[in-house]
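Chemist: Input: one structure, supplied below.
Protein chains: 8
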Amino acid sequence: MTPEHIRNILEDVRQGKQNVDAAMEQLKDLPFTEMGFAKIDHHRQLRTGYPEVIFCAGKTLDHAEQIIRLMYEHQANILATRASEELFLRVKKLFPEAEYRPDAHVIIIRRHEIQLTETYIPIVTAGTADIAVAEEAAVTAELFGNRVERIFDVGVAGIHRLYSRLDVIRRGRVIIAVAGMEGALPGVIGGLVDKPVIAVPTSVGYGANFSGLSALLTMLNSCAAGISVVNIDNGFGAGYLASLINKIK
Amino acid sequence: MTPEHIRNILEDVRQGKQNVDAAMEQLKDLPFTEMGFAKIDHHRQLRTGYPEVIFCAGKTLDHAEQIIRLMYEHQANILATRASEELFLRVKKLFPEAEYRPDAHVIIIRRHEIQLTETYIPIVTAGTADIAVAEEAAVTAELFGNRVERIFDVGVAGIHRLYSRLDVIRRGRVIIAVAGMEGALPGVIGGLVDKPVIAVPTSVGYGANFSGLSALLTMLNSCAAGISVVNIDNGFGAGYLASLINKIK
Amino acid sequence: MTPEHIRNILEDVRQGKQNVDAAMEQLKDLPFTEMGFAKIDHHRQLRTGYPEVIFCAGKTLDHAEQIIRLMYEHQANILATRASEELFLRVKKLFPEAEYRPDAHVIIIRRHEIQLTETYIPIVTAGTADIAVAEEAAVTAELFGNRVERIFDVGVAGIHRLYSRLDVIRRGRVIIAVAGMEGALPGVIGGLVDKPVIAVPTSVGYGANFSGLSALLTMLNSCAAGISVVNIDNGFGAGYLASLINKIK
Amino acid sequence: MTPEHIRNILEDVRQGKQNVDAAMEQLKDLPFTEMGFAKIDHHRQLRTGYPEVIFCAGKTLDHAEQIIRLMYEHQANILATRASEELFLRVKKLFPEAEYRPDAHVIIIRRHEIQLTETYIPIVTAGTADIAVAEEAAVTAELFGNRVERIFDVGVAGIHRLYSRLDVIRRGRVIIAVAGMEGALPGVIGGLVDKPVIAVPTSVGYGANFSGLSALLTMLNSCAAGISVVNIDNGFGAGYLASLINKIK
Amino acid sequence: MTPEHIRNILEDVRQGKQNVDAAMEQLKDLPFTEMGFAKIDHHRQLRTGYPEVIFCAGKTLDHAEQIIRLMYEHQANILATRASEELFLRVKKLFPEAEYRPDAHVIIIRRHEIQLTETYIPIVTAGTADIAVAEEAAVTAELFGNRVERIFDVGVAGIHRLYSRLDVIRRGRVIIAVAGMEGALPGVIGGLVDKPVIAVPTSVGYGANFSGLSALLTMLNSCAAGISVVNIDNGFGAGYLASLINKIK
Amino acid sequence: MTPEHIRNILEDVRQGKQNVDAAMEQLKDLPFTEMGFAKIDHHRQLRTGYPEVIFCAGKTLDHAEQIIRLMYEHQANILATRASEELFLRVKKLFPEAEYRPDAHVIIIRRHEIQLTETYIPIVTAGTADIAVAEEAAVTAELFGNRVERIFDVGVAGIHRLYSRLDVIRRGRVIIAVAGMEGALPGVIGGLVDKPVIAVPTSVGYGANFSGLSALLTMLNSCAAGISVVNIDNGFGAGYLASLINKIK
Amino acid sequence: MTPEHIRNILEDVRQGKQNVDAAMEQLKDLPFTEMGFAKIDHHRQLRTGYPEVIFCAGKTLDHAEQIIRLMYEHQANILATRASEELFLRVKKLFPEAEYRPDAHVIIIRRHEIQLTETYIPIVTAGTADIAVAEEAAVTAELFGNRVERIFDVGVAGIHRLYSRLDVIRRGRVIIAVAGMEGALPGVIGGLVDKPVIAVPTSVGYGANFSGLSALLTMLNSCAAGISVVNIDNGFGAGYLASLINKIK
Amino acid sequence: MTPEHIRNILEDVRQGKQNVDAAMEQLKDLPFTEMGFAKIDHHRQLRTGYPEVIFCAGKTLDHAEQIIRLMYEHQANILATRASEELFLRVKKLFPEAEYRPDAHVIIIRRHEIQLTETYIPIVTAGTADIAVAEEAAVTAELFGNRVERIFDVGVAGIHRLYSRLDVIRRGRVIIAVAGMEGALPGVIGGLVDKPVIAVPTSVGYGANFSGLSALLTMLNSCAAGISVVNIDNGFGAGYLASLINKIK
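Chains as they are written, first to last, in the numbering used here: chain A, 1 to 249; chain B, 1 to 249; chain C, 1 to 249; chain D, 1 to 249; chain E, 1 to 249; chain F, 1 to 249; chain G, 1 to 249; chain H, 1 to 249.
As structure tokens, this is what we get:
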């Protein structure tokens with residue numbers, strides 16, 4: 001509900017193009033669908049052609065399925081994150097074009113061609129076990145129309161592996177760096193690259209890593225500038241933010 | 001055991017209406033039933049017509065069942081929270097009028113008509129995944145005789161959804177606001193409404209939400225005045241407290 | 001900015017009573033004063049006759065003083081919490097009617113008579129060292145027009161002290177219970193009283209109390225129903241919320 | 001290895017009753033049995049007639065079974081804590097006199113009559129869900145020869161239940177108080193009784209109880225004197241310590 | 001307020017020895033003095049000849065001084081813990097017999113001869129920096145009439161120092177073990193001695209000791225049986241509890 | 001040390017333009033100055049014309065002063081963050097053109113004209129007490145050549161203040177949102193704006209805010225997409241990162 | 001990539017032994033194998049004859065199996081830690097010489113004779129339940145060519161068991177001390193031995209041990225010198241580090 | 001008290017060279033001096049010629065001074081860590097040869113020439129602010145007879161600074177790596193060097209570094225092998241341990 005919106009509605013009222021009750025309705029009528037258990041916001045999607053996104057964790061299978069159905073009716077591409085295989089089997093029955101990425105735990109329904117950017121987003125992981133989170137970021141970024149370069153298992157314990165790919169990383173417009181355990185990778189990249197680095201701590205590790213807290217704190221305390229952090233295991237958030245930055249014109 | 005109680009007993013003794021031993025007994029005889037593993041307090045219920053409540057988590061099925069049986073003998077309405085479906089099946093066999101709300105994990109046995117208040121309690125959630133906790137609050141408040149308005153999925157990430165229902169929220173006498181993840185909803189409502197807001201953090205989320213700690217801290221630190229907080233996922237506590245406030249005369 | 005507000009402005013536009021630009025201005029013109037470093041909200045105060053409140057902690061002396069000056073021009077009663085004696089001396093020079101409560105660390109400027117409620121709010125502390133926080137709550141509640149009963153040093157380590165004042169506590173409409181260290185007082189009161197209890201943990205204690213965390217957790221985990229919790233040492237929040245509940249009609 | 005021991009061995013050497021190598025052996029030969037994966041200490045048991053104790057958590061079934069066999073050969077009564085039913089079935093096959101207490105998760109093998117003390121240890125719980133831990137304490141204390149009084153479900157949310165049993169509690173020599181959630185019970189008892197109180201926090205609760213941390217902190221911060229605390233859910237530790245105190249002559 | 005009390009009052013009422021109002025008064029009249037900001041409990045002291053105790057931390061100098069004055073009027077010995085030198089100078093002016101122990105931060109006023117027990121309480125510290133807390137325990141125990149043996153600086157980093165004093169420790173009836181940093185001393189003593197061990201963690205240390213949390217956790221997790229723990233730096237609590245145990249008859 | 005660098009040096013060696021030792025020297029000779037206690041990296045600055053930055057916290061006055069002197073010789077603009085007034089007075093004596101921003105605790109030495117971007121970075125704070133951190137971000141961004149819009153005190157407790165400035169916020173290319181206490185502001189902005197939001201938690205608050213932990217967790221758990229977080233109070237980090245994003249071409 | 005390496009390549013280029021592109025290739029060509037999801041580093045192994053190590057936790061079975069296959073092709077001995085039995089069965093099918101140590105959860109493939117050191121590493125545990133972690137350390141150290149002495153179940157609760165093996169411990173060159181619960185063992189050993197002690201906290205315990213945090217903090221705070229700590233349950237890290245120290249010449 | 005000791009004493013008793021009481025005395029007479037408040041252990045020093053060490057934090061000035069005096073009488077070199085300048089001035093008056101290192105907060109008294117090792121210990125810091133802790137390690141190592149190489153300010157945010165000194169680091173026998181903030185340096189070094197790395201987290205940083213917890217967790221979770229960790233800011237512990245390893249023959 002931008003100021004321009006308000007101005008237009010007021011202008012219409014002044015010119016008698018619509019009466020007060022109708023305007024009232026409009027000022028209240030925001031672009032979401034009321035489902036009782038959920039209010040689906042089509043606003044951003046309608047305007048941008050972006051996919052509609054549903055975060056499935058904590059939702060019942062019924063709720064998740066109904067939300068996906070509603071989204072489907074809006075003709076949008078659909079991204080369901082933290083989706084179980086069980087949910088996928090239900091969705092697949094309804095919409096056979098649905099795909100599942102088991103490593104990233106996402107369901108995708110592509111109904112429109114997606115145009116990819118020329119610039120790309122390097123997505124870098126410290127280890128093999130961080131790939132699940134990195135893939136959530138990658139699939140998100142791709143569905144939002146970004147080209148992605150995957151560079152996996154280049155953590156600081158064998159830093160020469162990172163150097164061998166450094167030129168590819170440096171040419172990205174914004175970098176996603178994913179790491180569990182000690183979480184030092186984003187800080188090292190931040191010191192080598194003059195681009196924004198989105199750090200994603202993962203819950204990979206054991207003992208005093210406290211389900212990702214260790215990596216999170218490392219990244220927040222990074223001495224290198226140009227780094228910011230998203231929640232532990234939040235591949236979607238990193239992919240979405242990177243898309244926003246990669247598409248700046 | 002109020003002072004009036006003591007005075008009455010003393011008066012009876014003075015007038016010889018009862019002897020010392022009997023009075024002694026009474027002063028010791030508090031209105032609960034000793035079950036060995038539990039002491040069931042019928043005091044509040046007898047006096048107020050309120051339902052008897054049992055918190056089932058951590059109790060064995062046998063213990064829970066026996067307590068419900070005893071309550072049933074007292075003719076009260078019964079509310080069993082954190083009840084498993086397994087317990088419900090046992091109870092159902094004994095008392096076919098028992099109902100189960102799987103989303104709220106509560107068993108209800110209604111033995112008396114419940115008169116609802118005219119004022120109502122809006123119960124608001126940030127997301128769909130917070131509904132389980134909100135329903136525990138709603139069922140509790142209803143069983144204690146309050147009218148309830150459910151307003152779900154209006155979290156601050158799409159704050160226009162909240163505005164569309166703000167008038168309904170404002171007309172409540174006391175508001176229950178349920179949120180996980182960042183937990184910002186109660187603070188925003190508190191800034192928009194001049195009513196007491198009971199904030200319920202939920203354990204919904206992942207990563208650095210630390211099983212609800214994140215939402216809990218947000219709510220405790222809210223800059224808006226008029227907000228207080230109950231334990232994480234404590235829908236029952238919120239429903240009970242809201243009932244106390246809603247029924248102030 | 002309530003829906004009624006919007007409707008009235010729209011009606012004026014329709015009837016030509018005001019033009020679009022003026023309405024636009026109004027819809028944007030919310031009732032606060034822009035001070036650059038602060039935006040002072042007079043909305044609630046103007047409407048209700050309530051005092052204006054400023055939270056001084058973290059603000060420079062200059063900022064705090066300028067905000068108080070501005071409030072003074074609005075003719076409101078003023079409550080400045082977490083105020084240092086140094087700030088008070090500055091304010092006293094400007095407005096000789098300013099008072100300082102050193103135990104509660106608040107500055108008060110009374111410009112209007114305050115009508116007190118007939119019902120009262122019992123404010124109970126576990127120990128003597130909790131009085132500072134209790135007084136912040138008490139002064140807040142009084143300035144908002146509530147009668148208050150102070151009942152200090154009745155913690156559970158000598159629970160007979162609590163019983164001796166229980167009848168006074170029970171006659172309150174809503175109770176504020178303040179405790180540090182183990183923080184058990186609100187739970188015990190909650191089990192003895194059928195009224196809402198606002199629990200205020202204090203940072204009083206040492207060792208494993210971790211600056212109030214111990215008392216906070218105790219209160220959140222209370223088995224007694226009807227209890228909710230505000231932030232550690234947040235006397236103001238408790239006083240304000242109690243006032244909202246005490247004034248329910 | 002007490003100083004008297006050393007003196008006796010030295011005296012023997014001086015008198016030629018034993019040679020240096022034998023003495024050397026003795027000074028090294030401490031009263032335990034080497035099992036490779038464990039070193040079983042029979043010292044205390046041999047001297048006192050006390051049962052031998054094995055803490056089963058974290059041990060493989062094979063290890064636990066072999067240790068119990070070895071203990072059995074020493075003719076002692078045996079107490080196996082944190083024992084699974086699976087382990088019990090194995091042990092039962094070997095020693096049919098073995099008993100299992102499923103609520104306390106302990107295996108007992110009684111090979112000698114146990115003489116009980118005249119004084120007794122009251123074991124008090126706040127709720128029904130705390131009984132498992134209380135039973136671990138009770139069984140331990142009984143096997144070490146103490147009379148026990150069980151007083152369950154008298155938590156502070158309905159404090160009159162506690163008062164009804166206060167005289168029984170007061171006559172104990174040392175009191176075990178078991179509580180989860182808010183953990184306030186031991187502090188309240190400590191204020192009412194002039195006896196040592198051993199506080200046992202349990203992991204019973206949810207949300208911000210953080211697996212017993214809440215109750216633990218409450219107990220450590222208790223304002224009442226005479227209270228000390230053992231680890232969360234450590235019924236055995238409480239029972240053992242209470243036995244030491246109860247048997248002081 | 002014991003049951004015998006109630007019975008006696010009832011008997012008096014029955015026999016007409018006192019009327020209902022007087023009895024009422026008595027049943028309400030608990031043995032403390034109301035000071036407004038504090039309620040001083042003389043109950044235990046009157047009955048036992050024990051000293052009266054005031055915990056000064058968090059109290060204003062005025063409050064502390066007034067409480068000490070009141071106690072003085074009751075002719076009791078007085079123990080003021082966590083007392084500043086500033087408070088002492090005030091008290092000294094009023095009561096020249098007051099003494100100050102700067103290491104333990106306590107003020108003592110001895111008005112009666114104290115008879116010491118024959119059995120004694122060994123008070124053991126791991127390091128020199130733990131002496132302040134140990135002295136608080138020692139002074140408390142002594143003022144409550146217990147003989148004390150001080151054994152300082154025998155921590156596990158040089159465990160032969162502990163062995164050299166082990167016989168003295170073993171002859172105590174109950175042992176207080178005080179340790180900061182790693183906090184391992186009580187567990188080692190607990191493995192060597194068949195007596196109750198009261199473990200006192202101190203905030204001595206740096207880095208990952210987190211103001212005593214490290215020592216606290218070590219003690220709670222001790223594998224040796226017979227150990228319980230009081231709050232960090234709580235010398236008074238340990239001294240008081242040890243006195244209760246040492247005086248068991 | 002980019003691959004192009006290595007190639008060029010190799011080419012020179014091949015062509016005999018330089019000998020092996022000289023090349024060796026170059027491959028080792030990285031563009032920093034060794035000061036013994038510090039290694040000053042002029043690399044980025046030389047290449048980009050960016051200012052040189054020194055983080056003063058934890059450095060002695062002597063070290064900080066010597067580093068600033070060295071930077072001055074490199075003709076760069078200089079930004080010293082977390083600088084005390086005492087350091088400023090020293091620096092001012094050496095370089096009279098030095099400026100101090102007491103609210104942001106930074107020293108600036110401008111030796112070159114700075115060209116500002118046309119696009120701007122909105123820097124938004126929840127409260128007045130967050131301004132210090134916001135100013136650190138603002139001064140940083142400005143010194144790196146970005147236009148900045150300051151929008152202060154628009155926290156969610158009075159959310160209409162935020163709406164009144166929403167159009168200005170929306171026109172930024174990247175937004176910095178600074179908040180302490182509950183920290184909800186960035187999440188609310190993230191839901192209203194389609195731009196990257198850099199969230200800066202501040203240590204402003206008290207009680208359960210735990211020095212900024214509360215705001216940090218809120219921001220990490222934000223349900224709105226497009227948000228990432230820097231360390232508590234890290235205004236510099238936010239300003240630097242925003243500059244990187246704002247200057248993307 | 002050591003300086004000597006660079007020098008040699010440069011010398012070759014100067015002498016025309018290789019051209020720039022080839023040198024370029026070499027400078028980039030680091031000794032690992034790119035597998036897409038992993039980059040296997042054969043560098044250390046090739047040079048030292050050491051086994052190749054794979055940490056299996058968090059990796060899919062497919063990934064783990066493929067990595068082991070690749071390692072097998074390099075003719076190295078192989079150590080797979082945190083390996084499930086399920087993975088072992090797959091590997092066994094491929095390489096029948098594979099062995100599984102179920103207590104240590106490691107898979108070993110020995111393809112070369114391993115020469116053991118004359119000096120040995122004592123590996124000491126506090127309890128029987130710590131053996132799993134100790135075995136991971138032992139197997140690691142052995143596969144890296146070290147002789148190992150296992151000394152299990154000598155924790156401080158029965159410290160005479162430790163003394164009986166002290167001479168064996170003292171003759172080690174470096175000691176690994178493994179303990180859960182209170183974690184005091186390494187500190188006691190550190191006080192008795194003049195050798196480096198590698199402390200390994202385990203997650204063995206319950207309640208306030210918080211999955212090994214208790215033991216970790218104890219070890220970090222040890223008053224004895226010569227101790228350092230690895231991650232909770234990190235037997236591999238301890239074994240590897242001990243091998244480095246034991247092989248110092 | 002080694003087994004050889006015991007054997008010798010026994011042999012003397014057998015041969016009548018000493019009587020039982022004298023032997024008894026010896027077996028009890030351990031080589032420390034009882035000072036009442038401290039027990040000074042001269043054992044290690046006498047045997048090895050190592051300096052005597054006193055940790056001053058938490059000790060009163062009087063206690064610290066008396067301990068240093070006693071040590072002085074034993075003719076040893078003396079190292080006093082965490083010593084204030086105030087203590088130094090006292091000591092300087094007594095022993096004019098005392099030196100103070102204000103950056104490392106240590107007092108040194110050299111009474112004997114110290115022979116340095118040929119091998120050296122590289123001591124590496126991430127930043128300038130870590131130097132204080134590194135100097136404590138360096139001074140300790142030097143006083144124990146080790147050559148030291150200081151390599152400061154080579155943190156991972158500008159990793160080329162580390163590479164430029166890598167050859168010096170690699171030639172050490174054992175490496176001390178000191179870092180605050182993100183604490184990634186030891187892990188990166190561990191990946192580049194085949195030597196034991198002692199990681200020292202420092203409390204340098206702000207915000208979510210939580211007084212060094214962030215760096216501590218990073219180091220514990222390091223993916224590189226060969227790393228172990230000492231307490232936060234524990235330069236002495238690192239220096240002592242490195243000396244043990246560096247002197248292995």
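We treat Cβ as the ideally placed atom computed from N, Cα and C, and that holds for glycine. The structure displayed is predicted, hence computed values, not measured ones.
Under a CB-based cut-off of 8 angstroms, is VAL13 (chain E) close to chain B?
Modeler: Locating residue 13 (chain E) in the fifth sequence gives position 13, where the first residue counts as 1. Chain B contact via Cβ: present.
Chemist: Based on DSSP bridge pairs, tell me the residues matched to SER228 (chain F).
Modeler: Here residue 228 (chain F) is taken as the residue at index 228 of the sixth sequence, counted from 1. In DSSP, SER228 (chain F) forms a bridge with F:ILE198.
Chemist: Which same chain residues, not among the five before or five after TYR100 (chain H), have their C-beta less than 6 angstroms away from its C-beta?
Modeler: In the eighth sequence, counting from the first residue as 1, residue 100 (chain H) sits at position 100. Taken in chain order, the residues that qualify are PHE88, ILE107.
Chemist: Assign PRO102 (chain D) to buried or exposed, taking buried as 16 or more other Cβ atoms, counted over all protein chains shown, within 10 Å of its Cβ.
Modeler: Translated into the one-based positions of the fourth sequence, residue 102 (chain D) becomes position 102. Exposed, because fewer than 16 other Cβ atoms sit within 10 Å of the Cβ of PRO102 (chain D).
Chemist: Could you list which residues in chain F have their beta carbon closer than 7 angstroms to that of ASP276 (chain C), in chain order?
Modeler: Coverage of chain C is limited to positions 1 through 249, which leaves residue 276 (chain C) absent and any answer about it impossible.
Chemist: Tell me, please, whether the CB atom of ARG161 (chain G) is closer than 8 angstroms to any CB atom in chain D?
Modeler: Counted from its first residue, the seventh sequence places residue 161 (chain G) at position 161. Chain D, which has a Cβ nearer than 8 angstroms to the Cβ of ARG161 (chain G), makes this yes.
Chemist: Can you name, in chain order, every residue of its own chain whose Cβ lies under 6 angstroms from the Cβ of ASN234 (chain D), other than the five neighbours on each side?
Modeler: Counting from one through the fourth sequence, the residue named residue 234 (chain D) turns up at place 234. Taken in chain order, the list of residues that qualify is empty.
Chemist: Quick one: is ALA184 (chain G) near chain E, going by C-beta distance under 8 angstroms?
Modeler: Start at 1 with the first residue of the seventh sequence, and residue 184 (chain G) comes out as number 184. Taking Cβ atoms only, chain E reaches closer than 8 angstroms to ALA184 (chain G), which makes this a yes.
Chemist: How many Å lie between ALA269 (chain H) and ALA141 (chain A) at the Cα?
Modeler: One cannot answer for residue 269 (chain H) here, as it falls past the ends of chain H, which runs 1 to 249.
Chemist: Taking all protein chains shown into account, decide if ILE114 (chain C) is buried (16 or more other Cβ within 10 angstroms of its Cβ) or exposed.
Modeler: Against the third sequence, residue 114 (chain C) aligns to sequence position 114. Exposed, because fewer than 16 other Cβ atoms sit within 10 Å of the Cβ of ILE114 (chain C).
Chemist: Using a Cβ-Cβ distance cut-off of 8 angstroms, determine whether LEU166 (chain E) contacts chain G.
Modeler: On the fifth sequence, position 166 is the one that residue 166 (chain E) refers to. LEU166 (chain E) does not count as touching chain G.
Chemist: Would ALA132 (chain C) count as contacting chain D if we go by Cβ distances under 8 angstroms?
Modeler: Taking the third sequence and counting its residues from 1, the one referred to as residue 132 (chain C) is at position 132. So, not an interface residue.
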